[in-house]
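This report concerns only the one structure given below.
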Amino acid sequence: MTLTVYYSSVSGSTKMKKEQERIFSILDSKNIYYIRVDISQSSDDKDKMRKLASDKTALPPQICNGDSYCGDYAAFDTAVENGQLTTFLQA
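In my numbering, each residue's number is its place in the sequence shown (first place is 1) plus 6.
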């Protein structure tokens with residue numbers, strides 16, 4: 007399966023931008039392969055992200071492994087703090 011991070015390159019939210027960058031930074035530092043999907047480029051990608059998250063109003067960043075939903079930034083942050091990133095990512 008492929009780890010996917012859904013994000014937005016055009017968010018006006020500083021909080022969202024910082025959350026996205028922290029996810030990218032941590033995954034990069036651990037040499038974890040993932041793809042970035044910019045939902046601002048395609049409404050189909052946004053719809054897919056929301057379907058996987060089972061939330062019609064979900065906002066990025068959202069993390070999935072294949073078609074399995076891992077969680078949002080808060081869940082990612084908790085997993086990192088608890089040393090459970092591998093479990094969270096279903097890797």
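Ideal Cβ positions, reconstructed from N, Cα and C, are used throughout, including at glycine.
Residue i vs residue j beta-carbon contact at 9 Å
i	j	result
VAL16	GLN68	no
MET110	PRO66	A question about residue 110 goes unanswered here, because the residues of the chain that appear run from 7 up to 97.
Length of the line joining the Cα atoms of residue i and residue j
i	j	result
TYR75	THR93	12 Å
LYS57	PHE30	22 Å
GLU25	ASP78	10 Å
TYR40	GLU87	20 Å
THR63	ASP51	14 Å
ALA97	GLY18	32 Å
Nearest-angstrom beta carbon gap, residue j and residue i [assumed within contact, 8 Å]
i	j	result
TYR13	ASP44	6 Å
Identified DSSP bridge partners for residue i
i	result
LEU9	ASN71
Residue i versus the options, residue with shortest Cα-Cα distance
i	options	result
LEU91	THR20, GLY18, SER19 and SER35	SER35
ASP83	SER19, THR20 and ARG28	ARG28
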